[in-house]
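Colleague:
In my numbering, the protein residues as written are 6 to 154.
If you want it as structure tokens, here you go:
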């Protein structure tokens with residue numbers, strides 16, 4: 006009986022240690038994720054990043070605009086210079102619109118977990134884990150009483 010009690014206590018200790026380790030890991034993970042989100046947002050909000058994104062989007066449209074310009078030039082018999090000018094004005098309009106969009110989407114700060122949010126999530130995790138271990142304890146005690154009868 007003594008051996009069984011000792012083993013039971015050891016198992017409880019192990020379970021407690023596992024729960025604590027899980028909680029520590031979860032907290033580190035949440036804090037790291039929040040820091041990464043913050044860093045990503047700050048990087049994405051720099052002038053270079055915004056300009057890069059705008060240029061990327063505008064360059065995607067350039068080929069289509071040039072095709073369109075070639076068709077129009079054929080129909081209306083425009084000179085090379087006029088065609089280039091047409092493409093450039095359209096691209097500049099597009100650049101303005103795209104820059105506005107990018108700035109608007111980047112200025113919205115994403116939901117980054119605050120210290121309180123992280124604490125709340127950890128508390129929920131703790132509750133779940135301790136509830137589970139309590140359920141296991143109850144189950145074990147129930148088995149013992151059944152064995153005695």
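Think of the CB as a built atom: it goes at the ideal place given N, C-alpha and C, for glycine as much as any other residue. Computed from a predicted structure; not experimentally measured.
Where does residue 118 fall in DSSP's three states?
Modeller: The residue given as residue 118 occupies position 113 in the chain shown. Reduced to three states, the DSSP call for residue 118 is coil.
Colleague: Roughly how many angstroms lie between the CA atoms of residue 66 and residue 96, to the nearest whole one?
Modeller: On the chain shown, residue 66 is found 61 positions in, with the first residue counted as 1. On the chain shown, residue 96 is found 91 positions in, with the first residue counted as 1. Roughly 8 Å separates the two Cα atoms.
Colleague: With contact counted as at least three CB pairs below 8 Å, one residue from each stretch, are the stretch 43–50 and the stretch 111–122 in contact?
Modeller: The stretch 43–50 is in contact with the stretch 111–122.
Colleague: What's the C-alpha gap between residue 94 and residue 54?
Modeller: Taking the first residue of the chain shown as 1, we reach residue 94 at position 89. Taking the first residue of the chain shown as 1, we reach residue 54 at position 49. Residue 94 and residue 54: Cα-Cα distance of roughly 24 Å.
Colleague: Kindly indicate the opening and closing residues of the alpha helix (DSSP H) around residue 56.
Modeller: Within the chain shown, residue 56 is the residue found at index 51, counting from 1. Per DSSP, residue 56 belongs to the alpha helix (DSSP H) from 52–81.
Colleague: Let's see if you can read the secondary structure: which residues bound the alpha helix (DSSP H) around residue 103?
Modeller: Taking the first residue of the chain shown as position 1, residue 103 is located at position 98. 85–112 is the extent of the alpha helix (DSSP H) around residue 103.
Colleague: How many Å lie between residue 103 and residue 78 at the Cα?
Modeller: Counted from its first residue, the chain shown places residue 103 at position 98. Counted from its first residue, the chain shown places residue 78 at position 73. Taking the straight line from one Cα to the other gives about 26 Å.
Colleague: Since residue 92 and residue 71 are thought to touch, with beta carbons under 8 Å apart, how far apart are those beta carbons, to the nearest angstrom?
Modeller: The count along the chain shown starts at 1 and reaches residue 92 at position 87. The count along the chain shown starts at 1 and reaches residue 71 at position 66. At roughly 6 Å, the Cβ-Cβ gap stays under 8 Å, so residue 92 and residue 71 are in contact.
Colleague: Under a three-way DSSP split, which group does residue 6 fall into?
Modeller: The residue labelled residue 6 in the question sits at position 1 within the chain shown. In the structure shown, residue 6 sits in coil (DSSP, three-state: anything other than H, G, I, E or B).
Colleague: Straight-line CA distance for residue 141 to residue 152?
Modeller: Translated into positions along the chain shown, residue 141 becomes position 136. Translated into positions along the chain shown, residue 152 becomes position 147. Those two C-alpha atoms are separated by around 17 Å.
Colleague: So is residue 84 in contact with chain C if we call contact Cβ pairs under 8 Å?
Modeller: As a matter of chain content, chain C is missing from the structure shown, which is built from one protein chain.
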